[in-house]
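What follows is one structure encoded as structure tokens, with my remarks underneath.
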Amino acid sequence: MSAGAGSVTKAAPPPVQEVRAEQSLGSRIAGWVSGGFVRVFLIVVGLFWLVPTIGLLLASLRAPEDMASSGWWNVFTEPSQLTFGAYEALLKNDDITGSLLNTVYITVPATVLVVVIGALAGYAFAWMEFPGRDWWFLGVVALLVVPVQVALLPVAELFGKLGIFGSLTGVILFHVGFGLPFAVFLLRNFFAEIPRELLEAARLDGAGEMRLFVRVVMPLAGPAIAALGIFQFLWVWNDMLVALIFTDSDSQPITVALTSQVRQFGSNIEVLAPGAFISMVIPLIVFFAFQRQFVSGVMAGAVK
Amino acid sequence: MAADTAAGVKAPAPASPKRKSVTGTRRTVAALFLLPALVLLGALVVYPIGYSVIRSFYDQSGDSFAGFDNYRQLFTDDGIRTALKNNVIWVVFAPTIATALGLVFAVLTEKVRWGTAFKLVVFMPMAISMLAAGIIFRLVYDQDPDKGVANAVWVGVHDTFAQSSAFPKAHPGRESPLQPAGGGAFITRGTVSVGETVSLPLVGVAPDVMPDDAKAARAPEPEEGRINGTTWQDFTRGKGVGTLNAIDSTELGYAGMKIEAVKDGKVVETATAADDGTFSLSAKADGAQLRLPAENFKEPYNGLDWLGPSLVTPAIIGSYIWMWAGFAMVLIAAGLASMPRDLLEAARVDGANEWQVFRRITVPLLAPVLAVVTVTLMINVLKVFDLVFIIAPGSSQDDANVLALELYRQGFAADQPGIASAIAVFLLLLVIPVMWFNIRRLRREVRR
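Heads up: the sequence lines are chains A and B, in that order.
Quick note, the first sequence lines up with residues 4 to 307 if you use our numbering.
Quick note, the second sequence lines up with residues 31 to 478 if you use our numbering.
See the structure below:
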């Protein structure tokens, strides 16, 4: 089908242009107007999507007294209102800086572990021989859509018994557990596409299983690992619910630290607005730097 | 346990002769590769499912078997039923609206050169946390139109279309010919008669809320067969009342004030004051009392109570759509990109207009993608928690309640692990069809 479609496209252009030339002036004007309409519509929608975030940014750059009396859009008429005061105060606030560090301490290991453990299992599912292999894999795939809510209570109790409730270890493990089905799914499918000859050649050269995995398979899996890593990184960085339950005041990430502030919304906008913005900076950088990988991760994870 | 079975104690392998181990691996090596993943999955995902199912049949303390009591609670407890109802609203509206918008955006961005920039803007909220999005929308939905952008826009639109000739806080001054008539209206103490003039002075309207078209008040002139009068603000900022109950040159007319002539409790005629505050009534009003109805004095329109009990769920759904329409758009755009272009072109050559192309070709060809996106969003929406938790203020959190939030409250605030487990199992049951679908789709691929 696709080959045939290609040749048709090549042959098609001349008649299409003829038809276009025959279009009446009226329909050309109509087309121009609707083209203009599309443009205006998309610009309005784009503004609609941008304004909330811009609002937060400008709110974080105004003094609390100004925020209490008027909306953030007043900075357009009075640019002198802009100040970094809230950010300066925030960076001196140990609760906030500590929780930002915790976010890093949670996100980095949770991402690395998911990639490593998921790759090991994905490789085994793709290229090793053992009884019930495909059934086991389907079992893992079935877990893709299990809601985290199911595990909150039981795992809280389990962690309590193990003495890791409220610790960084606990929340990291939880994220790894719930990140694994997707990791195994994505990487197994990617590994399965590696040409068999490549692995056999390496094997003939005397490479052991571990060597094959580290030297041949992992380097080839760059794109899949990037997609998975970025997906998991953003997932964990942005998580609030899991951390809300599994961390205490010493191990809480920025999302939880800010959540406790939301209850008095309005009176503490000078903490919330810059805090939310700081928590967004890293995800946004990652997003803009790795758009392609993020999109492919999102597309592969459409089932999650 | 996971390790044993992984090593091959369980179930015979389905025939899959194709991708054999290239390495002739010993099973212990395979087990070692799988061990970490299976232990973690077993302890953190599989075990909790079993635990929740069993726990959901026990009472609060966990000591005695409670049968289906916890599940019955799901459908009888008012709080949980609200959550259930809201979840239904969420699942019906949020995924469909997000997908529809994603479809429209994906199709329209193909028609402009800066489509990529637009996609970036709409997709960007996917990268930020629900917490940040929640804080963003708490700001957007601020009730005060001077602070919340949603109400600022809404009030702006409303005031453009609805006449706002209100005089809030206006009231009679000293020795006024007017007196309160109940319900916020004012009425003259005496009656009016043809050929006379009437003064209806009030005070108390702040200068900045006076209508822009208000002009200096002009004294009424008597006219044969009519009743003429003036209604004005008997006060000038900085100058005071001036001559009491008489027009001074700096005082402004109440432009647009409604006046009713009332006889025996019935309105016989109405008039509206001109820019200089003057008005005129016919002989029908002879012997009537003049009333300034309450609608003149209502407070200015203050916008919608977005986060109040009735609008809070739609408002939060709006913020969800802001976050996830980009996801739908990107997936649908990928589907569009792989569509056979010549088919669309052929239809256009045959004279189909853009709408017909969209309706008859684009949408049917995209149907599988649209289905995947909608189902994915439905699963996602079932579990919605953060946005509701953050955006709904304490006062309307009960009205905005959803299952995931109720589970959190029952399990961690109300210490009702039985009910929380029942909610968890209920959520799990709802995603099982999707689980089944995933497995079936993959089984075909794995067996290839």
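All C-beta atoms, glycine included, are put in the ideal place defined by N, C-alpha and C.
Identification of chain B residues near A/Ser-73 by a Cβ-Cβ cut-off of 8 Å yields Asp-176 and Lys-177, ordered along the chain.
When A/Gly-142, A/Val-47 and A/Phe-290 are compared, the shortest CA-CA separation from B/Leu-71 is found for A/Gly-142. Contact of A/Tyr-126 with chain B by beta-carbon distance below 7 Å involves Phe-63. Under the 8 Å Cβ criterion, the stretch 127 to 137 of chain A does not count as touching the stretch 397 to 413 of chain B, having fewer than three qualifying pairs. When the five nearest sequence neighbours on each side are left out, the beta carbons in the same chain lying within less than 8 Å of the beta carbon of A/Val-259 are those of Ser-102, Met-243, Ala-246, Leu-247 and Thr-250, in order along the chain. In this structure, A/Val-219 is the residue among A/Glu-212, A/Val-219, A/Arg-191 and A/Ala-92 with its C-alpha nearest to the C-alpha of A/Leu-201. For the stretch 405 to 417 of chain B, the residues whose beta carbon sits under 8 Å from a beta carbon of chain A are, in order, Thr-406, Ile-409, Leu-412, Lys-413, Phe-415 and Asp-416.
Following the DSSP letters along the chain, one finds A/Gly-74 in no alpha helix (DSSP H), marked with neither H nor E.
B/Arg-321 sits close to B/Ala-215, with the two beta carbons spaced by under 9 Å. Excluding residues up to 5 positions away in sequence, Ala-211, Gln-319 and Arg-321 lie with their Cβ nearer than 6 Å to the Cβ of B/Ile-217 in the same chain. For the pair A/Phe-188 and A/Tyr-126, the CB atoms are not nearer than the 9 Å cut-off. Collapsing the DSSP output to three states places B/Lys-328 in coil. Interface with chain A (9 Å Cβ-Cβ cutoff): B/Ile-453 is included. Taking 9 Å as the upper bound on Cβ-Cβ separation, chain A lies near residues Ser-349 and Trp-352 of the stretch 335 to 354 of chain B. At the C-beta level, A/Ala-66 and A/Glu-273 come within 9 Å of one another. Pairing A/Thr-110 with A/Ile-175, the inter-Cα distance amounts to about 8 Å. Within the stretch 212 to 236 of chain A, the residues whose Cβ lies closer than 7 Å to some Cβ of chain B are Glu-212 and Leu-215, listed in chain order. It is roughly 22 Å from the alpha-carbon of B/Phe-309 to the alpha-carbon of B/Val-271. The DSSP-derived three-state label of B/Tyr-171 is coil. Chain A places no beta carbon closer than 9 Å to that of B/Tyr-331, leaving this residue out of the contacts. Straight through space, the alpha carbons of B/Asp-238 and B/Lys-245 are spaced by roughly 14 Å. Residue-level contact check: A/Ser-254 does not touch chain B, since none of the beta carbons of chain B fall below 9 Å from its beta carbon. Scanning B/Val-142, B/Leu-169 and B/Ala-136 for the CA closest to the CA of B/Phe-153 turns up B/Ala-136.
Taking the Cβ atoms as the reference, B/Leu-208 lies roughly 7 Å from B/Leu-232, within the contact range of under 8 Å. Following the DSSP letters along the chain, one finds B/Arg-321 inside the beta strand (DSSP E) bounded by residues 319 to 322. Within the DSSP secondary-structure output, B/Glu-299 pairs in a beta bridge with B/Ala-291.
B/Met-287 has a beta carbon lying at 9 Å or more from every beta carbon in chain A. Taking the CA atoms as reference points, B/Leu-282 sits about 10 Å from B/Pro-241. In this structure, B/Ser-349 and B/Ile-289 do not form a Cβ contact; the two beta carbons are roughly 46 Å apart against a cut-off of 8 Å.
In this structure, B/Leu-161 keeps its C-beta atom at 9 Å or more from the C-beta atom of A/Pro-150. Identification of chain B residues near A/Asn-96 by a Cβ-Cβ cut-off of 7 Å yields none; the smallest Cβ-Cβ distance measures about 16 Å. Assignment of A/Leu-64 by DSSP, reduced to helix, strand and coil, places it in the coil class.
DSSP, reduced to helix, strand and coil, places A/Gln-255 outside both helices and strands of the structure shown, so it counts as coil. Taking a C-beta distance under 9 Å as the contact criterion, A/Leu-146 and B/Val-75 qualify as a contact pair. Using a CB distance cut-off of 9 Å, A/Val-153 counts as an interface residue toward chain B. At least one CB atom of chain A sits nearer than 9 Å to the CB of B/Phe-135.
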